[in-house]
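Q:
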Amino acid sequence: MIFTEELNRRRTFGIISHPDAGKTTLTEKLLLFGGAINEAGAVKNNKIKKGATSDFMEIERQRGISVATSVLAFEYKGIKINILDTPGHKDFAEDTFRTLTAVDSVIVVLDVAKGVEEQTEKLVKVCRMRKIPIIVFINKLDREGKDAFDLLDEVEQKLGLTVTPLSFPIGMGYDFKGIYNIWDKKLNLFDGDVKQTISKGIEFTDISNPKLDEIVGNKHANDLREELELVTEVYPKFDKKKYLKGDLQPVFFGSALNNFGVKELLDCFIDIAPIPQAKMADNRLIESNENKMTGFVFKIHANMDPKHRDRLAFVKIVSGTFKRNTNYLHVRLNKKMKFSSPNAFFAEKKEIVDESFPGDIVGLHDTGNFKIGDTLTEGEILNFKGIPSFSPEHFRYINNADPMKSKQLAKGIDQLMDEGVAQLFILNLNGRKVIGTVGALQFEVIQYRLEHEYGAKCSYENLNMHKVCWVEPEDPKNNDFKEFSRVKQRYLAKDKDEQLVFLADSDFTIQMTQSKYPSVKLHFTSEFS
Ligand code: G4P
């Protein structure tokens, strides 16, 4: 197949949701359609156990498993679909933010009873900032939930989206009759007993047809007619261009568990979702159809076998064809590298592949050369943008608990930070090391991994901080900045890239500092220029 065909048949996306909304179930059903797995439960069995925050073996198990489920690829109707896993657990939010830099679109899953939840709000905000095309799937229609119009309102208000329903439910919960697909004008009847079969739609181009009353009953038929009229009046017509620009978000209803409404979602998805998109580098925009290979690392994973300490760097191919055993430039290290066993990911396995195309993810074995954000090219000097660090929310001093192993500790911390497990800040005043994480769970992961993979021991000391802000002085020589540096000396540190950060103990402090030193800009992400 020629390059452009390969490019055009790829869709790389992520599914985001608040935990429990049904992301895993939906993923599994999508894989079933692709024939990528044979039975429901295959993904589920791998699922991270919820709430297991202090079981180290569980953490280890999760790490192994998430390699397997990091990328799930399958083919459907000739389209190569890559689903990138985005952990729903808030302690792994940073991981999810980074994964969102590698997707070309997302599907947001909401629970019909719970509506928009906190984690979804945060993640959708990031998608909106990046103008990522979004499809919303409202799940669990077989249960009692909120009214469809109320939910659509909530999605618009809390998520700041402009929605247009492409399907509409008939009844809900015990009275759930099915779904009318506005997208392809078909009626799908719900049969809760048949979980694995794919519902066949009944063509219904004209819903005024009295046959509708026969099928779903008089009341439901009339309700549906009224509701669809309202939909036409209130919501904008679906417009693919607007969806692709991130200005309009289609909404589907269904029940992932019952495999209901999933095929409709998938069929529409392959029709409208974007092919691999161009990506901005520091010096220019890289189009996906350029023939020279470029790609960037968005995730690093310690491998299953901790004794070997080898890691897998996940590279998203942005342009060109990535070939096995070919020399590529690792731009940050200015070093030529070739890879004899690049992995491609399929639903349940990974395999060595000779060629990968834009939109694909390749896993490269790494012995410590890669950091998140690194760029690979055929020789051009460029760095992909848009993989910022976000402010952590938990902070602790990290101390060496075994003086004989200080080298191992330093190396361990260094590598774990490259993997993006947490962020390290070094205080300007005394050189003390501060670890910042998004969730408390990471402190345990770090301690455990330092000991088991690097033979080093660490202890923590609490540090009552709220956020870090990346500091951008308008003019490093002006008095404002000098004064800021003097007064806030105790709270200034450097991040891994030697950027200056300010550790603040409250939002109030940030506000006060900002108003006192207006020419010193405080940013919540590391990338602001
Ligand atoms: P997550 O990955 O977003 O965290 O959600 P997950 O798919 O694990 O789904 C969370 C729970 O919701 C699961 O139940 C799952 O079976 C259920 N669920 C998913 N989709 C639907 C649906 O369409 N209808 C109904 N009624 N339930 C749904 P659980 O009891 O937590 O797990 P399990 O015992 O079923 O494995």
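The numbering of the sequence shown is the numbering used here, which starts it at 1 and goes up by one.
C-beta: ideal position from N, C-alpha, C; glycine also.
When burial is assigned at 16 or more other CB atoms within 10 Å of the CB, is residue 130 buried or exposed?
A: Exposed.
Q: Measuring CA to CA, which of 457, 368 and 371 is closest to residue 404?
A: If we check each option's Cα against that of residue 404, 457 comes out closest.
Q: Taking just the CA atoms, how far does residue 248 sit from residue 180?
A: Looking at the two C-alpha atoms, the distance is approximately 20 angstroms.
Q: Could you have a look at residue 409 and say whether DSSP puts it in helix, strand or coil?
A: If DSSP states are grouped into helix, strand and coil, residue 409 belongs with the helices.
Q: Taking just the CA atoms, how far does residue 191 sit from residue 383?
A: Rounded to the nearest angstrom, the two C-alpha atoms are 52 angstroms apart.
Q: Taking 8 angstroms as the cut-off, is the CB of residue 526 close to at least one heavy atom of the ligand G4P?
A: No; taking the cut-off as 8 angstroms, the Cβ of residue 526 has no heavy atom of the ligand G4P nearer than that.
Q: Smallest Cα separation from residue 112: which of 96, 145, 133 and 358?
A: For residue 112, the nearest C-alpha among the options comes from 145.
Q: Going straight from the alpha carbon of residue 182 to that of residue 78, what length do you get?
A: Their Cα atoms are separated by approximately 24 angstroms.
Q: Per DSSP, what are the beta-bridge partners of residue 397 in this structure?
A: Residue 397 is bridged to 434 and 461.
Q: Could you say which of 508, 341 and 92 lies nearest to residue 351 if we only look at CA atoms?
A: Comparing Cα-Cα distances from residue 351 to each of 508, 341 and 92, the minimum goes to 341.
Q: Run the proximity test for residue 141: is its beta-carbon closer than 8 angstroms to any non-hydrogen atom belonging to the ligand G4P?
A: Yes, Cβ of residue 141 sits closer than 8 angstroms to a heavy atom of the ligand G4P.
Q: Rank 3, 28, 4 and 96 by C-alpha distance to the C-alpha of residue 387 and give the top, closest one.
A: For the residues 3, 28, 4 and 96, the minimum Cα distance to residue 387 belongs to 96.
Q: Going by DSSP, what residue range makes up the alpha helix (DSSP H) through residue 243?
A: Per DSSP, residue 243 belongs to the alpha helix (DSSP H) from 240 to 244.
Q: Any chance the CB of residue 106 is under 8 angstroms from a heavy atom of the ligand G4P?
A: Checking the Cβ of residue 106 against the ligand G4P gives no.
Q: So is residue 147 buried or exposed if we call it buried at 16+ other beta carbons inside 10 Å?
A: Exposed, since its Cβ has fewer than 16 Cβ neighbours within 10 Å.
Q: Can you tell me whether DSSP reads residue 207 as helix, strand or coil?
A: Coil.
Q: For the beta strand (DSSP E) holding residue 119, just list the boundary residues, first then last.
A: Not the beta strand (DSSP E): residue 119 falls in the alpha helix (DSSP H), residues 118 to 129.
Q: If we count the other Cβ atoms within 10 Å of its Cβ and call it buried at 16 or more, is residue 5 buried or exposed?
A: Exposed: under 16 other Cβ atoms inside 10 Å.
Q: Nearer than 8 angstroms: is that true of the beta carbon of residue 175 relative to any heavy atom of the ligand G4P?
A: For the ligand G4P, not one heavy atom lies less than 8 angstroms from the Cβ of residue 175.
Q: Give me the DSSP bridge partner(s) of residue 187.
A: DSSP, once it has assigned bridges, lists 180 and 202 as partnering residue 187.
Q: With three or more C-beta pairs closer than 8 angstroms as the rule, is the region 103 to 111 touching the region 215 to 234?
A: No, the region 215 to 234 does not touch the region 103 to 111.
Q: Helix, strand or coil: which one does DSSP assign to residue 293?
A: If DSSP states are grouped into helix, strand and coil, residue 293 belongs with coil.
Q: Among 291, 298 and 300, which has the Cα closest to the Cα of residue 323?
A: Minimum Cα distance to residue 323 is reached at 291.
Q: Provide the residue span of the alpha helix (DSSP H) that contains residue 481, from first to last.
A: Run containing residue 481: 479 to 487, per the alpha helix (DSSP H) assignment.
Q: Between residue 219 and residue 119, what straight-line distance do the alpha-carbon atoms span, to the nearest angstrom?
A: Taking the straight line joining both Cα atoms gives about 37 angstroms.
Q: Output yes or no for whether 9 angstroms exceeds the beta carbon distance between residue 357 and residue 321.
A: For residue 357 and residue 321, yes; Cβs fall inside 9 angstroms.
Q: Which residues does DSSP pair with residue 76 in a beta bridge?
A: 79, per the DSSP bridge assignment.
Q: Should the region 277 to 285 be regarded as contacting the region 322 to 336, the criterion being three or more beta carbon pairs within less than 8 angstroms?
A: The region 277 to 285 vs the region 322 to 336: no contact.
Q: Checking contacts by CB at 9 angstroms: is residue 207 closer than that to chain B?
A: Of the protein chains in the structure, only one exists, and it is not chain B.
Q: Given that a residue counts as buried once 16 or more other Cβ atoms are within 10 Å of its Cβ, and exposed if not, what is residue 188?
A: Flag for residue 188 reads buried.
Q: Enumerate in chain order the residues of its own chain whose CB-to-CB distance from residue 76 is below 7 angstroms, with the five nearest sequence positions on each side excluded.
A: Answer for residue 76: 33, 34, 266 and 270, listed in chain order.
Q: Using only alpha-carbon positions, find the residue among 142, 298, 205 and 167 that is nearest to residue 238.
A: Ranking 142, 298, 205 and 167 by Cα distance to residue 238 puts 167 first.
Q: Please list the terminal residues of the continuous alpha helix (DSSP H) segment that includes residue 93.
A: Where residue 93 is concerned, the enclosing alpha helix (DSSP H) stretches over 93 to 99.
Q: For residue 272, collect the residues of the same chain with a Cβ closer than 7 angstroms to its Cβ; drop the 5 residues on either side in sequence, then sort them by chain order.
A: Answer for residue 272: 240 and 243, listed in chain order.
Q: Taking residue 221 as part of the beta strand (DSSP E), name the residues at either end of that continuous run.
A: First-last for residue 221: 218 to 234, but that is the alpha helix (DSSP H), not the beta strand (DSSP E).
Q: Which word fits residue 486, buried or exposed, when buried means at least 16 other C-beta atoms lie within 10 angstroms of its C-beta?
A: Exposed.
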